[in-house]
Amino acid sequence: MFRIFLLASLVIAAFAKESSGLGSRIVGGNTASPGQFPYQASVRSVLTQEHNCGAVLANNHWLLCAAHCTQGPPQNNYIFLGRHFRGSGGTRFDIAQVINHPDYNPSTIANDVSVIRTTTPITFTNLIQPIALGQAHIGGGVTAILSGWGLTSAGLAPELQYLHVQTHTNEQCRNLMGGNAALVFDHKICAGGVVGQGACSADSGGPLAVGNTVIGIVPGYSLCTWLPRCL
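Residues -16 to -1, 1 to 215 (mature numbering (1 follows the signal peptide of the UniProt record, and there is no 0)) make up the sequence shown, in order.
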């Protein structure tokens, strides 16, 4: 079953970053090749024209995202697909509709998931392809891939980044999260836990994938570089 992913990135400094407002970034990852993640989307602000969040292409009209990324009128944001460089390339799609999970809770980050419908159909190319939504339960010890243009030590990544992470059982994750264990709801998946690696601000809404299947999306709660993160 598709679940929201809470990525545990382990480093005490991450708590300071989280409290100062940083969300999810890929730290300690690698630069992707153009077209390596053709399901990866960029959610961008109409006002600033800047990348704010990731999203995941599900079919020729709909994308998955995180609810905290899609608050407000749909016309506040637009989508880019087929983009490798954060600031150029790809194809723009305007947003017709956003459906945020009715039980999304910004305080606990529960049900931080939304779906986005584009105004026009999306034409698939070698750089733009949907990804299947996971149906099977994912336990611990599975290698997954996280991707995005989120913050790095040098700012927002100029090129798409990716990182291999290991999943944890939710019981393991609650133990690792300590005082934040209450954030590990049953609908979440935990992954990560390597010092110096993890998701951070502007990776939110992006995919956690295993093979040709997306198994989760990055939520708003990010501990950029040390505890396991729950999606």
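For glycine and all other residues, C-beta sits at the position ideal for the given N, C-alpha and C.
None of these values were measured; they are calculated from a predicted model.
query                                                                                                                                                                               : result
Quick check on the burial criterion: 16 or more other C-beta atoms within 10 angstroms. Buried or exposed for G162?                                                                 : exposed
Would you mind reading off the limits of the beta strand (DSSP E) that contains Q156?                                                                                               : It is not in any beta strand (DSSP E) - Q156 instead sits in the alpha helix (DSSP H) that spans 154 to 161.
Roughly how many angstroms separate the alpha carbons of R9 and G139, rounded to a whole number?                                                                                    : Because R9 carries a pLDDT of 39, less than 50, the predicted location of this residue cannot be relied on, and no value is offered for it.
Rounded C-beta distance between N95 and H171? I'm assuming under 8 Å.                                                                                                               : 7 Å
Please work out which residues of its chain come closer than 7 Å, Cβ to Cβ, to G5, disregarding the five sequence neighbours upstream and downstream, and give them in chain order. : At G5 the pLDDT is 29, less than 50, meaning the model places this residue with poor confidence; the figure from the coordinates comes in the next sentence. There are no such residues.
Please state whether DSSP places A166 in a helix, a strand or coil.                                                                                                                 : helix
Can you list, in chain order, the residues of its chain whose CB lies under 7 Å from that of G125, leaving out five sequence neighbours each side?                                  : Q150, T151
Provide the residue(s) that pair with Y62 in DSSP beta bridges, ordered along the chain.                                                                                            : R28, D78
Could you tell me which of A80, V194, G13, A141 sits nearest to I115, measuring between CA atoms?                                                                                   : V194
Where does A51 fall in DSSP's three states?                                                                                                                                         : helix
Could you give the residue range of the beta strand (DSSP E) that holds A16?                                                                                                        : Per DSSP, A16 belongs to no beta strand (DSSP E) and is neither H nor E.
Is P105 buried or exposed, if buried means 16 or more other CB atoms sit within 10 Å of its CB?                                                                                     : exposed
In angstroms, rounded to a whole number, what distance separates the CA positions of G73 and T103?                                                                                  : 20 Å
For residue 242, does the three-state DSSP call read helix, strand or coil?                                                                                                         : Outside the shown range of the chain (-16 to 215) lies residue 242, about which nothing can therefore be said.
Would you say P57 and Q81 are within 7 Å of each other, going by their C-beta atoms?                                                                                                : no
Using 8 Å for Cβ pairs, my map puts A16 next to Q145. What's the rounded Cβ distance?                                                                                               : 7 Å
Whose C-beta lies closer than 7 Å to the C-beta of F169 among residues of the same chain, with five residues either side of it excluded?                                            : A94
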